[in-house]
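Chemist: Dumping the structure here so I can ask a few things about it.
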Amino acid sequence: MVRYILKRLLLMIPTLFGVMLITFVVTQFVPGGPVEQLVSQLKHQANVSEASSGLQGLYRGATGLDQERLAELRSLYGFDQPAYQRFYTMMKNYFYFDFGDSYYHHQSVIDLVISKLPVSISLGVWTFLLTYITCIPLGIKKAVNDGTAFDITSSTLILIGYAIPGFVLAIFLLVLFGGGSFLDIFPLRGLVSDNWDELSWFAKGLDYLWHMALPIVAMMVGNFAVMTMLTKNSFLEEIRKQYVLTAHAKGLAANVVLYKHIFRNAMIPLVTGFPAAFIGAFFTGSLLIETIFSLDGLGLLSYEAVLKRDYPVVLGTLYIFTLMGLVAKLLSDLSYVLIDPRIQFDSFER
């Protein structure tokens with residue numbers, strides 16, 4: 421087991437290096453880099469914008485930017501060095517989790533990511549917990565009552581919900597419950613109210629949940645259908661196996677067979693996906709939800725960084741997400757052993 425873990429940890433290094441190298445190479449050929457965008461701003465604005473703070477005087481009206489001034493801009497962003505040297509310096513700094521400063525936000529990438537975490541954590545944790553807490557019992561009940569009216573009706577409703585895109589549902593919820601043409605129950609935007617600091621701790625909790633209700637419902641729809649059907653199919657596969665028939669033939673109660681014998685085996689594919697699902701809930705699928713509900717999280721940050729060619733943010737967040745994804749995959753593999761002791765990694769160590 422220890423050797424297997426060490427091998428997986430060592431394999432993370434070339435994997436992470438390869439992902440960063442490919443992304444870095446792609447960014448070198450993408451048009452409209454930070455220097456080009458800044459030059460365009462200087463050409464079309466009489467006053468230098470906040471994104472180019474400290475560069476007053478570089479643009480010289482109708483004469484544009486001469487080569488000397490352009491070289492100063494490239495040096496400012498570090499593009500005066502060869503690409504291989506910039507990549508080496510970047511990876512060396514990333515090893516110490518030094519991701520540099522954003523070109524446009526004027527703060528370090530780490531501080532920027534931390535400032536966006538409350539939104540992403542709120543969406544991710546609640547979506548993850550509510551999805552598993554709701555879908556697993558529902559999936560088990562559907563498997564036990566396979567083919568009944570309850571199973572058919574619930575499957576129909578689940579598939580209808582799955583067919584509705586999350587952002588469409590989000591807009592519908594805002595119109596219906598967010599003070600549109602119908603009910604004014606939930607707030608339109610933000611993670612908390614403006615007077616949140618003045619509220620008691622209990623009122624703060626209610627205010628927070630009040631703001632998160634609609635975004636979480638909109639994000640749960642897609643995961644809800646997938647997890648429910650996966651749970652049902654996993655339990656159905658175990659229910660039809662020979663050892664279940666034998667347990668029933670011995671006179672064991674149905675609940676004993678279900679929760680003592682079937683449950684542990686059927687939960688293996690579900691539980692082993694916990695780490696990856698937990699990490700993925702933070703960083704995927706939240707861009708449109710964040711935009712619709714005016715939530716300033718990591719999804720919106722990453723999207724804006726790509727549009728603005730904010731390479732420190734793009735590459736820094738990619739490094740963090742990739743590293744967390746690799747660790748999540750390792751934890752998923754290790755969780756097999758915790759759930760099913762029959763699985764061993766000895767064969768992988770030879």
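Residue numbers (this note's numbering): 421 to 770. Beta carbons: idealized from backbone N, C-alpha and C, even for Gly.
1) Count the CB pairs spanning the stretch 615-625 and the stretch 592-606 that are closer than 8 Å, and state whether there are at least three.
2) Over the uninterrupted alpha helix (DSSP H) stretch that includes Met510, give me the two end residues.
3) Using a 10 Å radius around the Cβ and a threshold of 16 neighbouring Cβ atoms, would you call Pro451 buried or exposed?
4) Give the straight-line distance between the Cα atoms of Leu750 and Ala669, rounded to the nearest whole angstrom.
5) If you draw a straight line from the alpha carbon of Cys555 to that of Ile580, how long is it in whole angstroms?
6) Report the rounded CA-to-CA distance for Ala667 versus Ile740, giving the unit in angstroms.
7) Excluding sequence positions up to five away, which residues of its chain have a Cβ less than 8 Å from the Cβ of Ala466?
8) Can we say the stretch 532-550 touches the stretch 714-733, given the rule of at least three CB pairs closer than 8 Å?
9) Are Leu634 and Phe606 closer than 7 Å when you measure CB to CB?
10) Take Thr742 and list the residues in its own chain whose beta-carbon comes closer than 7 Å to its own, dropping the five residues that flank it on each side.
11) Quick one, are the C-beta atoms of Leu746 and Met510 less than 7 Å apart?
12) So what's Ser620 in DSSP terms, helix, strand or just coil?
13) Helix, strand or coil for Asp531, going by three-state DSSP, please let me know.
14) Should the stretch 569-579 be regarded as contacting the stretch 674-682, the criterion being three or more beta carbon pairs within less than 8 Å?
15) Should Thr573 go down as buried or exposed, given a rule of 16 or more other Cβ atoms within 10 Å for buried?
16) Does the stretch 724-738 touch the stretch 654-665, meaning 3 or more C-beta pairs lie closer than 8 Å?
17) Could you check which residue in Leu543, Asn565, Ser495, Ser535 has the C-alpha nearest to that of Ala674?
18) May I have the straight-line CA-CA distance separating Leu690 from Leu650, to the nearest angstrom?
19) Rounding to the nearest angstrom, what Cα-Cα distance links Tyr499 and Ile636 in this structure?
20) At the level of alpha carbons, what is the spacing between Tyr514 and Tyr508?
21) Let me know the secondary structure DSSP gives Asp753 once reduced to three states.
22) Tell me which residue opens and which closes the alpha helix (DSSP H) that Asp571 is part of.
Modeler: So, from the data block:
1) no
2) 503-515
3) exposed
4) 40 Å
5) 16 Å
6) 48 Å
7) In this predicted model, Ala466 has a pLDDT of only 42, less than 50, meaning its place in the structure is not dependable; the value taken from the coordinates is given anyway. Correct list: empty, nothing qualifies.
8) yes
9) yes
10) Leu436, Val439
11) no
12) coil
13) helix
14) no
15) exposed
16) no
17) Asn565
18) 8 Å
19) Correcting the residue type first, residue 499 is Phe in the shown sequence and not Tyr. Roughly 42 Å separates the two Cα atoms.
20) 10 Å
21) helix
22) 569-583
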